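First comes the structure, then the notes that go with it.
In this note's numbering, the protein residues as written are 958 to 1624.
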């Protein structure tokens, strides 16, 4: 039976949880029951805290609020994580493998109480109270701590409440125009930094110093205008109409509220009401995040996958009008945090091979169903990046330089990039060869252009959906794309890879390796879990040449090349994306450059499967891997006749009309 919220029932569960938290046992309870009692204490504490979170609470001194905030997360910060049940290694050490994995799964769930309490979300607190009570009562009244029985109960609870959980997720992300987070941004006095603690998120120096800096920063309007204009220009560029849409989604970072507040106003001018369900904040412990990536693996199977699919399809149909109104996402990426090299723990929950196949199947089916109600051909996005104070003492200078990069003249770059595209369009292959220690040597197959006057393979990309400028990109033909892509050091999704090598055969990854660990098998597993998952291989979905040499020079100046986000890095040299093409699920929408040439390379052999086998047409991922200019010996066009024309040679652009791109490199 699906969960239903009721205030009276909620109060009853609060009382029940409190009684368990304070219960005195006649005999010393078993370890797992003691663990459940500690969970009850935390849940009870959060339910009581929720009642105290009023104006009086947030009028406390800043330092006191900061201390309270860190206390909420103290069990996963620093050394305390070593003896926290949130740590799979510790939980398994205490309870054994099977019960330990259940304990760490439940402990992770309990952390949700924090933000629900701060947002006064009694419905979700009620749900997790009921969830806890179901487990506790099962263990208590059946005197049963059998891991398989508890696992089966957790699966049953998930199945019974699938629609409720999916509805909560869907409405928060894509439908609800009002939210606790949005209310804080619009109604708080942003000069008083105590507003930062109203979210319930972990607040670090990054969030505090960002807010302090932006409070006195003079170019806030310029940032908001740049992001909003980029979003609207993206629709125009791709022949999409935002006029029949009424909502958009903003995902930004805690501390950037001044920018977000102005951006809300700008979007409303276009009759696009922003949805802001959450903000991104500095993780109190990245190892904790890494350890719990695959918690669903505790009970994930075909039944769970199908249940989630059916629940979402039912909800898509129910809210089809609201989903039709959705226009897309405006995303603020951040960079500069201390690079993270994770420890791969054998005790952490993972998806086994069979679960991985089911998950992949679910992801593909979900993407197809979602595209029916939110067609990619009708929505757009824009993304921009700014540094966090953790980047170093020169944070403000780097922020200023980043804004300078984000404001580069699109029209100038568009003209220069057309010179590059005109040469690239002569190629049957593009040959990329590394320099020095870089072993890259790959030939990328191009689509055949039948009418050069009206067709092109490359999109001339400036600062609209992807800020900053600039790049030219295409979807390669897979068959005939062969060779090695090698990067000495790269960060992908905040994870570091040393000597990442991907060998392509007919456009698909055939071999892969890195040198993060001593053991070769551990290196392969690292790539499989973090780069390929849930697939065994991935196609080369994109080949591009970034032209933003100023960004490259500025990053070298500040010595931040290795910690820049891919959004900027991809503009700083050639890059290869594994996964779907840039035209994923929009292949049939004709797209043109400003010279009126149609970009014909919107498909590859993988995406063409949508016409015969749609479940295997998409990978639901797209990961960019960039080579720095200094690591390139050459990028050359190889024509059908075998003639070679250089685009980049010895790290410099050599096409006539691209001289301006080399000036930052020379200076």
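A virtual CB, placed ideally from N, CA and C, is assigned to each residue, including glycine.
Quantities reported herein were computed from a predicted structural model and do not represent experimental measurements.
(request) Taking residue 1108 as part of the alpha helix (DSSP H), name the residues at either end of that continuous run. (result) Taken as a continuous stretch (DSSP letters only), the alpha helix (DSSP H) holding residue 1108 covers 1104-1117.
(message) Rounding to the nearest angstrom, what Cα-Cα distance links residue 1189 and residue 1199 in this structure?
(response) Approximately 8 angstroms between the Cα atoms of the pair.
(message) Going by DSSP in three states, residue 1207 sits in which element: helix, strand or coil?
(response) DSSP, read as helix, strand or coil, puts residue 1207 in strand.
(request) Within its chain, find whatever has a CB closer than 8 angstroms to the CB of residue 1362; leave out the 5 residues flanking it on each side and keep chain order. (result) Cβ neighbours of residue 1362 beyond the five flanking positions: 1425, 1505, 1507, 1508, 1511 and 1525.
(request) Entirely within the region 1528-1604 and at least 3 residues each: give me those beta strand (DSSP E) ranges in chain order. (result) Listed in chain order, they are 1531-1536, 1579-1583 and 1589-1595.
(request) Using 10 angstroms around the beta-carbon of residue 1565, count the other beta-carbons present and answer buried if the total reaches 16, otherwise exposed. (result) With fewer than 16 Cβ atoms within 10 Å of its Cβ, residue 1565 is classed as exposed.
(message) Helix, strand or coil for residue 1443? Go by DSSP, reduced to three states.
(response) Residue 1443: strand per DSSP, three-state reduction.
(message) Quick check: the Cα distance between residue 1172 and residue 1139, rounded to an integer number of angstroms?
(response) Spanning the two alpha carbons is a distance of roughly 18 angstroms.
(request) Just list the alpha helix (DSSP H) runs in the region 1406-1432, keeping only unbroken ones of 4 residues or longer that don't cross its boundaries, in chain order. (result) For the alpha helix (DSSP H) assignment, the region 1406-1432 encloses no uninterrupted run of at least 4 residues.
(message) Can you tell me where the beta strand (DSSP E) holding residue 1230 begins and where it ends?
(response) Residues 1230-1232.
(message) In whole angstroms, give me the CA-to-CA distance for residue 1151 and residue 1079.
(response) Put simply, the backbone Cα of residue 1151 is about 23 angstroms away from that of residue 1079.
(request) Go ahead and label residue 1115 buried or exposed: buried means 16 or more other beta carbons lie within 10 angstroms of its beta carbon, across all protein chains shown. (result) Result: buried.
(message) Relative to the C-alpha of residue 1355, which candidate in 1443, 1472, 1513 and 975 has its C-alpha closest?
(response) Per the Cα distances, 1513.
(message) Along the chain, where does the beta strand (DSSP E) containing residue 1612 start, and where does it finish?
(response) No beta strand (DSSP E) holds residue 1612; DSSP gives it neither H nor E.
(request) Identify which residue in 1483, 1244 and 1539 has its Cα closest to the Cα of residue 1497. (result) Nearest of 1483, 1244 and 1539 to residue 1497, Cα basis: 1539.
(message) Can you tell me whether residue 1496 is helix, strand or coil according to DSSP?
(response) DSSP, read as helix, strand or coil, puts residue 1496 in strand.
(request) Could you check how far apart the C-beta atoms of residue 960 and residue 1121 are, in whole angstroms? I think they sit under 8 angstroms. (result) Correct: roughly 5 angstroms between the Cβ atoms.
(message) Closest to residue 967 by C-alpha separation, out of 1607, 1083 and 1266, would be which residue?
(response) For the residues 1607, 1083 and 1266, the minimum Cα distance to residue 967 belongs to 1083.
(request) Label residue 1541 either buried or exposed according to how many other C-beta atoms from any shown protein chain fall within 10 Å of its C-beta, with 16 as the threshold for buried. (result) By the 10 Å Cβ count, residue 1541 comes out buried.
(message) Suppose the cutoff is 7 angstroms on Cβ atoms and the five residues either side in sequence are ignored; what does the same chain contact list for residue 948 look like?
(response) The structure shown does not extend to residue 948, since the chain spans only 958 to 1624, so no value can be given for it.
(message) So, for residue 1492: in the same chain, excluding its five sequence neighbours on each side, which residues have a beta-carbon less than 7 angstroms away from its beta-carbon?
(response) If we look at residue 1492 and ignore the five residues flanking it on each side, its Cβ neighbours are 1317 and 1576.
(request) Alpha carbon to alpha carbon, how far is residue 1123 from residue 1410? Give it in angstroms, no decimals. (result) When rounded, the distance between both Cα atoms is 49 angstroms.
(request) Please determine, among 1392, 1335, 1386 and 1618, the residue with the shortest C-alpha to C-alpha distance to residue 1596. (result) When C-alpha distances from residue 1596 are compared across 1392, 1335, 1386 and 1618, the shortest belongs to 1386.
(request) For residue 1028, count neighbouring Cβ atoms within 10 angstroms of its own Cβ and tell me buried if that reaches 16, exposed if not. (result) Exposed.
(request) With DSSP collapsed to three states, give me the class of residue 1184. (result) Three-state DSSP puts residue 1184 in a helix.
(request) Determine contact between the region 1327-1338 and the region 1161-1176, defined as no fewer than three beta-carbon pairs at a distance below 8 angstroms. (result) Contact fails between the region 1327-1338 and the region 1161-1176, because fewer than three Cβ pairs, one in each stretch, are under 8 angstroms apart.
(request) Report, in whole angstroms, the separation of the C-beta atoms of residue 1066 and residue 1108, which I expect to be a contact under 8 angstroms. (result) Incorrect: roughly 14 angstroms between the Cβ atoms, too far for contact.
(message) So, under 8 angstroms CB-CB, residue 1417 and residue 1431 are touching, yes? Tell me the CB distance rounded to an integer number of Å.
(response) Between residue 1431 and residue 1417 the Cβ distance is about 11 angstroms, and since that is not below 8 angstroms, they are no contact.
(message) Taking only three categories from DSSP, how would you classify residue 1398?
(response) Residue 1398 falls in the strand class under three-state DSSP.
(request) Using the Cα positions of residue 1591 and residue 1518, report the straight-line distance between them to the nearest angstrom. (result) Here the alpha carbon of residue 1591 sits roughly 21 angstroms from the alpha carbon of residue 1518.
(message) Check this for me: beta carbons of residue 1219 and residue 1364, under 9 angstroms apart or not?
(response) If you check the CB distance, residue 1219 and residue 1364 do not come in under 9 angstroms.
(message) Check whether the region 1345-1354 and the region 1286-1300 touch, using three or more Cβ-Cβ pairs below 8 angstroms as the test.
(response) Output reads yes: the region 1286-1300 touches the region 1345-1354.
(message) Just checking: is the beta-carbon of residue 1195 within a distance shorter than 9 angstroms of some beta-carbon in chain C?
(response) In the displayed structure, chain C is absent; only one protein chain is listed.
(message) Any contact between the region 1139-1148 and the region 1091-1098? By contact I mean 3 or more CB pairs, one from each, below 8 angstroms.
(response) For the pair of segments examined, the region 1139-1148 was found not to touch the region 1091-1098: the number of CB pairs separated by less than 8 angstroms stays below three.
(request) Answer yes or no: do residue 1230 and residue 1224 have a C-beta to C-beta separation smaller than 9 angstroms? (result) It is a contact, given that the beta carbons lie within the stated cut-off.
(message) Counting C-beta neighbours from all protein chains within 10 Å, is the total for residue 1214 16 or more, i.e. buried, or is it exposed?
(response) Residue 1214 is buried by the Cβ-count criterion.
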